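This report concerns only the one structure given below.
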Amino acid sequence: LDIAEEEVNRFQKSFEAMAAYEGCSGGFSQLLSNYATSMAFMEQSHRLLRSTWTETTDLFGELAAVIIDSGAFVNSGCSSTLPEQTMYQARLALAGIGMLSHRFRVAGLLEPNADSLVQSTSR
Numbered sequence: 001l002d003i004a005e006e007e008v009n010r011f012q013k014s015f016e017a018m019a020a021y022e023g024c025s026g027g028f029s030q031l032l033s034n035y036a037t038s039m040a041f042m043e044q045s046h047r048l049l050r051s052t053w054t055e056t057t058d059l060f061g062e063l064a065a066v067i068i069d070s071g072a073f074v075n076s077g078c079s080s081t082l083p084e085q086t087m088y089q090a091r092l093a094l095a096g097i098g099m100l101s102h103r104f105r106v107a108g109l110l111e112p113n114a115d116s117l118v119q120s121t122s123r
């Protein structure tokens, strides 16, 4: 989120530089510099988003494997709340992953590959 916030701040500075240029109070070199910085932050933000997606979906797959392999839903005992707690936490993780997916749409990027995520959730 810090990178996304910085990206927005850099775009705001670019808009301000554009307004100054259009109002003849700012130079073209300043406008170009602000624009280049904005584009660099946007590219950095997109790289980080892709990296975060890959890492997060991989970790969720590992989590699903551990839950299944441990038999958490089979050997939990009659009075255990472990299955409910585990499902609640998994749903929270999926909600966060959903927000990451939404960030791709907001950024105008192609939808990320969700094959491993679909496989993990079907386990």
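Under this note's numbering, the first residue of the sequence shown is numbered 1, with each subsequent residue one higher.
From the three backbone atoms N, C-alpha and C, an ideal C-beta is built for every residue, glycine too.
As the structure is a computational prediction, the values presented were derived from the model and not from experiment.
Measuring C-alpha to C-alpha distances from E6 to each of M99, S38, Q89 identifies S38 as the nearest. Segment contact: the segment 59-66 against the segment 89-105, three or more CB-CB distances shorter than 8 Å; contact assigned. For I3 against Q44, the beta-carbon gap comes to about 6 Å, under 8 Å, which counts as contact. Burial check for L117: the Cβ neighbour count within 10 Å reaches 16 or more, so the residue is buried. Between the C-alpha atoms of L32 and N9 there is a straight-line separation of about 16 Å. When the Cα atoms are used, G71 and L82 turn out to be separated by approximately 11 Å. Comparing C-alpha distances from S122 to each of M99, L110, I67 shows the shortest one belongs to I67. Considering only W53, E84, Q85, the residue with the shortest C-alpha distance to L100 is W53. Scanning its chain for C-beta atoms nearer than 6 Å, with the 5 sequence neighbours on each side dropped, one finds around L49 the residues R103, in chain order. Using a Cβ distance threshold of 8 Å, L109 and H46 count as a contacting pair. The C-beta of S14 has 16 or more other C-beta atoms within 10 Å across all chains shown, which makes the residue buried.
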